[in-house]
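Undergrad:
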Amino acid sequence: MGYFELIIACIFVNNILLAQFLGNCPFLGTSKKMETAMGMSMAVIFVMVLAGAITWIVYTYILVRYDLVYLRTIAFIVVIASLVQFVEMFLKKSIPALYAGLGIFLPLITTNCAVMGACVLNVDKEYTFVQALVASFAYAVGFGLALVLFAGVRERILLARVPKPLQDTSIGLVTAGIIALAFYTFKGMV
Amino acid sequence: MIKKSFFGTLKPRLEYAIIDVSPPDPQEIPASTSVQLFAGVALEQEKRHLLKAGDPVKAGQKLTLFENKDDYVTAPVSGTIAEMAPFYGDFGSKMTSITIDISENHEIDAHFKKIAPSPTRENAKEYLCCLPGRFPVSLFSDSEQKITTLLIMGMDTDLLTLTQQFIVKTKTPAIKSGILALKETTGIEKFVIAVPETLSQDAVSTGAIVKPVGSIYPAASPHLILNDILGKEIPAGQSFEDMGVAVVSAEAVASIGTAYDSGQIPAKKILTVIDKSGQAKMVSAVIGTPLKDIFTALNMTANHEDRIIAGGPMKGASVYTEDHPVCENTDAVMVQDRSVIPLISDNACINCGECVRACPANVPVNMLIRFLEAGQFMEGADSYDLYSCIECGLCSYVCTAKMPILQYIRLAKYELARIQKAEAENV
Amino acid sequence: MPKTITQEFTKGLWEELPPFRLVLGLCPVLGVTTTMENGIGMGLATTFVLLGSNFFVSIFRNIIPAKVRIACFIIIIASFVIVVELLMQAYAYKLFLKLGVFIPLIVVNCIVLGRAEAFASKNKIPHSVADALGIGIGFTLSLGALGALREILGKGTVTVWETWMFNLSSIFPSFQPFDFMVQAPGAFVALGLMLCVLNVIGD
Amino acid sequence: MFNQKKFIVSHAPFWHDGSALSKKHYHIILAALPAVIPGIYTYGGRAVAVVAFSMATAILWELIINVIGKRQVSIGDGNAALIGLLLAMLLPATTPWWAVLTGTFVAVVIGKQIFGGLGGNPFNPVLLSIAILSVSWRGLFDFDEALLTYDFDFAMAYPLAALKHLGPDGVASFSVLDLLLGRQVGGIGSTCGILLIAGGLYLVVRGFIRWEISVSFLAGIFATALLFKFFGSPGQYEGPLFHLLTGYTLIGAFYLATEDSSSPVNFIPMLIYGAGCGVMTIFIRNVGDYVDGVVFAILLMNLVNPIIDKIRPKALGKVV
Amino acid sequence: MNEMIKMVVVLTILASVSGGLLAAVRNGTEAQIENQQLEFVKGPAIKMILDGSSNDPIADRFKIMHQNTEKSFFVGRFDGKANVIAFEGAGKGYGGDIGIMVGVNIDEDKIIGAAVTTHSETPGLGATAKDDPGFVSQFKNLSITESIKVTNDGGKINAMSGATITSRAVCAGVTDAMDIYQNLKPQLTEKIKAFNQ
Amino acid sequence: MIEALLFMLSIGVVCGAVLSIASKVFYVYEDPRISEIEGLTAAANCGGCGYTGCGAAAAAVVEGEAAPSVCVVAGTEAAIGIAAVMGLDPGTAEPLKSINECLGGNRADDKFTYMGIPSCRGMDALYGGKRVCSVGCIGFGDCVKACKFDAICIASNGYPEIDESKCVGCGACETACPKNIIQVKTMSERLLHFNQEDDALAPCRQTCPAEIDIPQYIRQIKNHDYAGAVNTIRERNPFLLSCGRVCPHPCEDVCRRGVEDEAVSINQLKRFAADYEMNSGQHLPISCAPDTGKRVAVIGGGPAGLSCAYFLRRLGHSVMLFDMMPRLGGMIRYGIPEYRLPKKVLEWEIDGILNLGIETRTNVKLGEDFDLSSLVAAGYDAIFLGIGAWKDYSLRIDGENLDGCYTGIDFLTTFATTQQGDGNKHIPIGCKCVVIGGGNTAIDCVRTLVRLGAEEVTIVYRRTRKEMPANRVEIEAAEHEGVKFHFLAAPNRVMGDENGKATGLEYLKMELGEPDDSGRRRPVPIEGSETVLDIDMLITAIGQGPDIAFKEKEEGRRFADLQTTRWDTIDSADPETLQTNIPYIFTCGDAATGASLVVEGIGGGRRAARSIHLYLTGQPVKPVPNSIFERNIPGTIFDSVEGIHQKPRARMPEMPVAERIKTFEEADLVLQEKDALKESERCLDCCRICYNKDAA
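Chains as they are written, first to last, in this note's numbering: chain A, 1 to 190; chain B, 1001 to 1427; chain C, 2001 to 2203; chain D, 3001 to 3320; chain E, 4001 to 4197; chain F, 5001 to 5696.
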C-alpha cells in the first residue's frame, strides 16, 4: 500500500478518535476553545511521531528479539511517559516559545490513549519503520483534525440553548457521535 | 411602509425623509404650566443641594445642583421650582428631574446678555451647554481638546425626521454666525456640514464645507460620513473625539449663533412630530414641555400599550410617560400604535444571515448575538467586532427570528463600559 | 472530615460514578460496549487493575520519590494490566479477542492513574481498597448498562455470558435491530444520552 | 397606583421588516410540495401516507419535547413540519412506519431539539436522520429492492445504484428528460428535477434560501464530475449532467444544504461550503462506499461550516 | 544528588520486580494461552477445513522450524488415513497481516480448503473474507502449483466486491502457504508417516 | 525470565537516569506554588477540568483564573489543600453565602410594559426597570443564569431563591444583579453590614436600632423555621430573649400595617422565637470566624458590652470581659426587675453568649481594680468602654439624703443583688412610697415596690403623662397594679423627722409652657402652689449618667485625655463609628449616649464591634457610606396603605393583676404557637416600596 493511501486511511477512514475510540478524554476536555484544540493537536502530532518511532524501535529490536512481546504494554507506557516528561522539560528550558504553545498540553498526552493506541496499532500491523512514522503522523493529524473540527462546532453549541441536563459533556458526546457519522463519508475511499 | 420587498435577496432600502422646497412654519406649541428638565447629576442625600423646591428661577438662569460641579441646566422659562426628584435614564444614567412651575410674568436672567458680545470658551461653557440641539460640553470644557474638525449634522440621522434639514433650510444665517462664534471660542478650523443633496445649495452659505449625503439609511450615520471626510475608518472602539472630530447637530450650531446674536439663550426646540399614520409635522416647543402638551395641541392620542418614541423609528428612545419632557436633543417625537409594534420574540438566532448581509459595518452579527445572548460580552467584543457596530438597527430590522439584536449590542457596550470603569476604579 | 470506609466505597457508586460523574476513561467505555458481556468484562478487568494499583500504591506511598511517582505508578498499573492481559488470554480468551486493543489501554485510563495519584498515594490501605472497589464496581456497572442499552437496540439481544442471551426478536419477531447503536457514532450518542438521563435523575 | 396608561418601552429600533420564521418555513414547505406530486403520482397512496405520517410525527415529537422541556411550544413556526416533509421527500415510498417514526425522532429530537431547538443544531437534522437510518437499515435505502413491487413505464433501476454497480454503460439508457421530469426511481420528493428547480428558484428569488450555496453546490458537482470524466480512466465515470439530475442532488442543493443553522452566512464561505458539498458528493459517488453522496457530503460540510464561516469581510474600523 | 540516586534506585527496583513478576505470570500461563489461541483463533478455521476428519487436529499437531520461526501443522485424518495437513500462511492486508489456514492433501498436492484465521480489516468490508464462504471456497481443489491471483491481476480468483486489497492479501497468504508447503514437503511427509503408523 | 528481568531493569535505569538528569539539566524556575498545587491535583492529566493538564490547571489556580476546586478527580480534600497553598487558609477562609434581599419580585407596580431582551440588566437600562420600586428585584433571573452551581432558581412567586447547600459563594450572582439585591457575603461581612440608603429595607428594619431583619424572621416563623428566625435575629442581636421582653419596639411604630390597622406584634414574635429556642433546652450553634489573634478588652458586662463582645468574638477576635458586679448583665440584670425579665432567662441568654469563648472577670471595677493603662500593658489591641450609666442624677433639693430616701438604680440594684443571694443589704419597705421620675426606672421602682408589699405607691412627675418617657405598656401595667400618679409636680424639698427619717415631700404644682428644644412643653412652676405629700419612703429616679470616676485616677496619664461630654458621657466624635479621641478606645451604649434603650446599646455594640474590627484589621475607621443612621429612607414611610383588611393583632397573654402584684414571676407571657403563626401572617413582607398585597 502506498503512503498516500496510508495517510488517507489513517487520517480519515480509520480516524483514531472517531473510528477507533482512542483519546476521547482530552478530546472532550480540550475542545471547548479553538486555541486549546489547536495547541493540543500540535502537541499530539509532535509526541505521537516521536513515540511511534521509539516504541517501534524498542518493540522490533528488543521485545521481539528477546521474546518479550508480552511486556509490550509496560515497555510502551514507560517509554511514552518518560518521553513526554523529558520533552516537556527540554522544551521548557530550551525552546520556551514552543513550550508556551505546546508544553502545557504535553502532560495530557501521557494518559492520551491515542498515543499508546497508535504505537500498539503500528506494531500490530507490522508496519516498517517508515510506515510506522507516517502512520503515527497521520493518526495524529487525524486526531488534530477531529479535535479542531469538533472545537469549531462546540464553540457554537456552548452558546446554544441546550437543555440543562444535556449541557456540556452530554451534548459534546452526542456531537462527537455525529461527527463520527460524518466521517463515514470517507468509507471505502481507500 | 415597512414590508420586506418581494425580492428578498436584495438589501433593505429605507429612504430618509427629505424636506420640501418650501417648508411651512413649525406649529407653535402653547406654553405649558410647567416644564421638566433633566440635570445630569444624581441627587445625593448627603450633600447640600444649591436648589430646593420653591426657589424662583428666571428664564435663561443657570441651575446648578451642587457646588464645584460643572453640570447645570438652563431654565427655559421663569417660574418656581416645584419638585426635584431622582430620575433613572437610559443605561444606568442617574439624573435629577427638576420641575419648574411657569410663572405669569416672563423674567429673563440678565447674565448672559452682558457677556454675549464677547464670546469666549469660558462663557460658552458657562451658558451654552443646554441649548436646543444640545452642544457637547466637552468641546468647551476640555482645555486640552484636540478637536480639529466639527461635523455639523444638517441631515437627520434617523428616518422620518426633518428637524435638522429644516434648520439648515430656514436658519442658515444663524448657523453661519454660530460657526463664526465657534471658531472664535474653540479654535476649530474645519467645519463640515452634512446635508441631503437637495439642501447643498442652502448649506453653502453657512461657510462650512458641504458634504452631501445619500438618501438610503444609514448613509447619514456620522460614522459613515466621517469615513469619507477623514478618508479612513475610525478604529473600532474609538470615539469621534479620539479622531479629533466632534459631531454636533445643525440646530446646536444655529442656537449658538442665535444666542450670541440676540444675547438671549434660545429656549425653543424645533421637532418633528410623527403621528400614528406616519405623517410628520414640524412643531416648535419650549424645552421641557411635556409631550402630552404637544399631543394635545396636535390632537394626537397615545393609548395604553402604544409606544411613544422620543426620536425616530431606528434610533429613538421610547419613553414610559406622556409627561416626559422635550429635551434639548429630542429631534422627533413619534407615536406608534400598538397594532403596528413589531413584537420581539424569544427565538434563538437561526443563522439565516440576513443581519450579516444588511450590516453596513460588516459585523458578524449572527455570531455576535450568540455570545451576547449568552452574556459573554467580552468574547463578543474581542472576537466578533462588537465595537464596529454603528447602531443603525438594520440587523434588528431584518431579523427573521425577531431578535432584539441591537438591544443586546447596546446592552453589551454599556455593560463593558461599566465593567471597565469598575476595574479602573479598583486598580 | 475523614470518610468511613463504607463512604469511600459507596461514593464510587453514585457521587463519583465513572464515567458519568467523572467524565473520564471514555475510550474503553465507547470502544467495547457493543454488548453487555464486553462491557462487564472490561469493567471487571479495570476493577482488578484499579484494586491492585491502589493497593500497591498505597503500600509504597511513602517510599516513592515525588518526581518519579508518575513513572512508578505507571509501572505498577502496567504490571497489573499485563497480568490481566495474560490471565484473560489464558482463561477467557473469547473475551480477550473482543476487548482486544482496549486491554493494554487500561494503563492509560485516567481513572486508574487518577485514583492512584489522588487517592491511594494519600490514604491508608483499607481506604484505598474500598475506594478502588467502589470506583471499579461503579465503572463496571456503568459499562454493563451502556453495553446492554447499545446491544438491545443495536442487535436486539442482551448477552449475559457467551451464548446465554436474551433475544428481543423472540418477543417482537418483527424487530429490526437499530444497527446505528452498535456502530462507532452510536456509542457516543448513547453515552451522551445516558449521561443526560443520569443528570436528570441526579437533580 | 401608577399612571393608568402603560406604554410599551424598549430600546431602538422600533421598526421591523415583517419577516418571520413561520413565514419563511411555510414558504419553503410550499415551494417543496410540488416536487412531491410526481412522487405521489408514481408511488400512489403509500407516498401520501409516508409524507403525511412523517410530517405528523415530526410535529408530534417537537410538541413532546417542548412539553418535556417546559419550553414555549414551537410547532407553530413550521420548522417541524418542514423537517417532516423534507425527510419524507428523501425516503422511498415503501418505508415502513417504524422507520419513519424513528427518522422523525432522530431528526427532531437528536438533530434539533437537544441542541436547543431551531438555530442551535450544528447539523442538518434531516440529513442526520437519513444518515442514521441508512447506516442502520441499509435495505431501506436500496431503492431497487424497496420498489420491487411497483411497475413503472420507465427505467426500473435506481440510477446511482446502476452507475455504481454497472458503470456508465449501465446508465446510458436514462434520458435527461426522464430524469428531469421525475421519471426515475428515488425518494418520494427527490426525483422531479424540474419542480425542484422551480421551487428552489422561487425560494432564491424571495430570499428564503441563499443562492450562493445552491449555485456553488451545483457548480461543484458539475465541475468535479467533469474532471472525473476527463481525467479518470475512460468509460469509468459518468458525466456531470447525470449527476446533477439523479439522487438527492437537486433537493440537496436547494433544500438541504441551505438549511440555515448548519450553513455559513458569509459570501465566500457560502461558496466554499456549497462547492465542498458538491465535490464531496461526487467523490463519494465515484470513489466511496455509498451510492449517493449528498447526505454524507453535506453532513461533512456542516461539520466544517463553523471553521470556514470565520472567513469574513473586515468589519468597519476593525484594527487588525 | 541523593534524591537523584533515590529516584533511579526506586524506579529500577520497581521495574525489575515487576519484570520478574510478569515473567513468572507469563511462564505460568504460557501453555494455557497457547491452547486457547489455537482453539479460538485457529480452531474454527481448522475445523472448517478439516471438516469430517476423524481425529482432533488440534491435538494432533507438530511443529517444524521454517525460516527461524516455528510453524504448527495440524493433521487431519480422512477415511482412516492421515493425509491432510493444515497450516497457516500470511498475506499483507490493508490492516496488517491476514492469516490464512490452508489445508493440503499431501497425497494429491491439492488444496482442500482455506479459511481466514486472523485479520484486522475494516469491519464490514475486508472482514467479510472471514465470513464469506463463497470467496474462500474458490481455493478449493486448486493445485499447489497454480498461481493464485485475483482476476484483476490475471488470476482466476474473483475478488470480493469493494475489498480488492483484502482479496489480494488472502491470495498472497495462500501463495505464502504453498511456498511453505513446497519448502517443507519432505519433512512433512516424514512427520505424517508417524501419524499413519 | 532473565531477559524480562534484565529488560525491565534496564528500562528502569534508563528512564530514571534520563529523567533525573534532565530534571537537573533543564531546571527552570517556576512559582513553587504551581508544583505544590499540581501535587495536590490528581496528576492524572486527564483533561477533565478543561485545562490542558494538571500543570496548566495549577498555573491557572495560581493566576487566580481557576477555583481551588478545579480538579474533578481529586475531590474536596484536594480543593481544601489547594486553597491552603493559595493562602486561602481554610482556617481563615469563611464560606461566602449568597443572600437575596428583595423578596418583592413582582409585587411592585409597573410603570410601563417592557418589550426588550429578557434580562435584568437589559431592563434596568431602561429607566431603572419597569417597576416603580427602584431597588427591587426585576425578576428576569440574570442571577440564575450567572450561577454555575444551580444554586439559584426563580421560585414560584417570581423572585430568586437561593439553595444555600449548593451555594459556594462565588459571587457571580452578585455581579450579575443590577440592583444589588443578591449579595454574597461572608458571615463577618453580614455581621458588619449596616443599613444603607440603597438597601432594600422595610420600615421596621430601618427603624430598629439593632437593624434586625424583621420581615425575614417573621417570614421564617411563618414557615415554621423557628431556628432560622432565631439565627436571623441573632445576626443582629444576641439578646433576643431579653429584648423580646423589654424592648419598647420602635419598629412597631412604623409598621405599615399599623398605618391602617394595628401594627404587627413584631416584638412578641421575636420573643416567641427566642422562647422557642430556650424551651428547646439547647442553644442553637453559633458560628464564629476563625481566630484572628487580636485581643480586645471589653469593660462592662451590660447589653452594650456583651453585644460588642459577642460580635467581636464572632468576628474571630478574643475578648476579655470585665465587670464590676458579681454577675454579668449590667442594667438588664440589676436594673430590670425579675417580673419583667426573669433572672434565669437572662442567665441562659448570657451563657449562650459566653459559650462562644468569651472570657470574663467579674467583681473588678475600672479605676479601682484595673485601669486603662494596665489593659494596654496587658497587651489588648483595643478597648471597649461599655460602662453604662450607673450614677443616679440627684434632685438637688434639701433633704435628699434623709433616711428612707433612695435613688432608683441604687434601690433596684440592691434589691436585685439581695434577691440573687449575692448580698444581704435589706431595704425596709415603707407604707407610703413615692417615686420621683417618669422614666422606665421609675416605673420599675414602683412596680417592684408594689410587689414588695408597699401599701400606697405614688409616682411624682413634673410633666404630664403624655411626656413620660417610660414605655406606654409599662405605665398602663403600673396603673393596673394600683400605682397612683401625680403629674405636673416638681419636688421642692424632703421633710424629715427628728430621726432623720423622711416623712414628707413638698412639691410645687406646675403648668405647661412653651415647647422646648426636645419638642416637649416645658413645665413652668405655679408660684405658691407648694403642697406636701406624706411619705415614709422616697425613691428618686430622674435619670442616670455614666460614672466616670475612673478618669480621675488616670490623672497625668495619657488616658486622662479621654474626652467626655458635659453630661459625663464618653465622647465619640462620630456616633456612628463610636471611636473616642484615643483611637483604640471605643464606646457605646449608655456610657456614650446617657441612659437609653437596651436595644440601642445592643445596636451600638455591633457598631462599635465594626469599628474595632476595622481598627484591628488596619482599615480606616469610617462611618458606613450612604448610612441611614437614625433616619428613614425618604418615601418609605407611608401615610396610607391600600387594601388592608383589618385582622386583629395577637394579644399578649398576661398574668392577672391580682396574682402578679404578689409575685416577682414574669407578668408578660409568651404567645402560643398558633397565635404566633397567625400573627406572622399579618406581616406585609414590606421591602423598600412594595408590600405584600396578598397578606394585606
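Positions of the beta carbon are idealized from the N, C-alpha and C atoms, including for glycine.
Everything numeric in this text was worked out from a predicted model, so none of it was measured.
(1) Report, in whole angstroms, the separation of the C-beta atoms of VAL1035/B and THR1258/B, which I expect to be a contact under 8 Å.
(2) Please report how far the alpha carbon of ASP4060/E lies from the alpha carbon of VAL4102/E, in whole angstroms.
(3) Short of 8 Å Cβ to Cβ, which residues in the region 169 to 189 of chain A face chain D?
(4) With a Cβ-Cβ cutoff of 9 Å, do GLY2031/C and LEU22/A count as a contact?
(5) Contact defined as beta carbons within less than 8 Å: I believe THR5464/F pairs with LEU5488/F. What is the distance between those atoms, to the nearest angstrom?
(6) For chain D, find out if any of its Cβ atoms is closer than 9 Å to the Cβ of PRO2177/C; answer yes or no.
(7) Indicate the three-state DSSP secondary structure (helix, strand or coil) for PHE2056/C in the structure shown.
(8) Select from VAL1213/B, LEU1298/B and ALA1317/B the residue whose C-alpha is nearest the C-alpha of ARG1307/B.
(9) If you run the structure through DSSP and keep just helix, strand and coil, what is SER162/A?
(10) The region 2058 to 2086 of chain C: which residues have C-beta closer than 9 Å to a C-beta of chain D, in chain order?
(11) Taking 9 Å as the cut-off, decide whether the C-beta atoms of MET116/A and LEU2105/C are in contact.
(12) Once you ignore the five residues that flank ILE4144/E on each side, which residues in its own chain have a CB closer than 8 Å to its CB?
(13) At which residue ranges does the region 9 to 89 of chain A contain complete alpha helix (DSSP H) runs of 4 or more residues, listed in the order of the chain?
(14) If the cut is a Cβ gap below 7 Å, which residues of chain D does SER156/A touch?
(15) Residue range of the alpha helix (DSSP H) that ALA5146/F falls in?
(16) In terms of alpha-carbon separation, which member of ALA5377/F, SER5374/F and ILE5332/F lies closest to THR5417/F?
(17) Between ASP1090/B and chain F, is there a C-beta pair that is closer than 9 Å?
(18) Any beta carbon from chain D within less than 9 Å of MET5008/F's own beta carbon?
(19) Find the residues of chain A that neighbour ALA1374/B, judging by a C-beta separation of less than 8 Å, and give them in chain order.
(20) Nearest to ARG5245/F by CA position, among LYS5343/F, ILE5585/F, PHE5485/F and GLY5129/F, is which residue?
(21) Is GLY5301/F helix, strand or coil when you go by DSSP?
(22) Could you say if the region 3100 to 3109 of chain D and the region 3147 to 3156 of chain D meet the contact criterion of at least three C-beta pairs nearer than 8 Å?
(23) With a threshold of 9 Å between beta carbons, is PRO163/A in contact with chain F?
(24) For GLY3317/D, which residues from the same chain have a beta carbon less than 6 Å from its beta carbon, with the 5 sequence-adjacent residues on both sides left out?
(25) For a contact meaning CB atoms closer than 7 Å, what does ASN1351/B contact in chain D?
(26) Name, please, each residue of chain D whose Cβ falls closer than 7 Å to the Cβ of GLN2183/C.
TA: Judging by the given coordinates:
(1) Not quite, the Cβ-Cβ distance comes to about 19 Å (not below 8 Å), so this is no contact.
(2) If you draw a straight line from the Cα of ASP4060/E to the Cα of VAL4102/E, it is about 16 Å long.
(3) Answer set for the region 169 to 189 of chain A: ILE171, VAL174, THR175, ILE178, ILE179, LEU181, ALA182, PHE183, TYR184, THR185, PHE186, LYS187, GLY188 and MET189.
(4) Taking 9 Å as the cut-off, the beta carbon of GLY2031/C is found closer than this to the beta carbon of LEU22/A.
(5) With a contact defined as Cβ atoms closer than 8 Å, THR5464/F and LEU5488/F qualify at about 6 Å.
(6) Output row for PRO2177/C: interface = yes.
(7) Of the three classes helix, strand and coil, the one that applies to PHE2056/C here is helix, per DSSP.
(8) The shortest Cα separation from ARG1307/B among VAL1213/B, LEU1298/B and ALA1317/B belongs to ALA1317/B.
(9) Note on identity: in this sequence residue 162/A is Val, with Ser being the wrong assignment. DSSP, reduced to helix, strand and coil, places VAL162/A outside both helices and strands of the structure shown, so it counts as coil.
(10) So the list is empty, because no residue satisfies the distance condition.
(11) Taking 9 Å as the Cβ cut-off, MET116/A and LEU2105/C qualify as a contacting pair.
(12) Only VAL4104, ASP4109, LYS4110, ILE4111, MET4178, TYR4181 and GLN4182 meet the Cβ criterion.
(13) Counting only runs of 4 or more, we get 24 to 29 and 34 to 58.
(14) At residue 156/A the sequence reads Arg, which differs from the Ser that was named. Within chain D, the residues whose beta carbon sits less than 7 Å from that of ARG156/A are PRO3122 and PRO3306, listed in sequence order.
(15) Taken as a continuous stretch (DSSP letters only), the alpha helix (DSSP H) holding ALA5146/F covers 5142 to 5146.
(16) That would be ILE5332/F, whose Cα lies nearest to the Cα of THR5417/F.
(17) So, interface residue.
(18) Interface criterion not met: the Cβ of MET5008/F is under 9 Å from no Cβ in chain D.
(19) Counting only Cβ-Cβ distances below 8 Å, ALA1374/B has contacts in chain A at LEU158 and LEU159, in chain order.
(20) Out of LYS5343/F, ILE5585/F, PHE5485/F and GLY5129/F, LYS5343/F has the C-alpha closest to the C-alpha of ARG5245/F.
(21) DSSP places GLY5301/F outside both helix and strand once states are collapsed to three, so it counts as coil.
(22) Result no; under three Cβ-Cβ pairs closer than 8 Å.
(23) At a cut-off of 9 Å between C-beta atoms, PRO163/A does not count as an interface residue with respect to chain F.
(24) Cβ within range, chain order: n/a, list empty.
(25) Chain-ordered, the chain D residues with CB closer than 7 Å to the CB of ASN1351/B read GLY3119, ASP3260, SER3261 and VAL3265.
(26) Going along chain D in sequence order, the residues near GLN2183/C (Cβ under 7 Å) are VAL3135.
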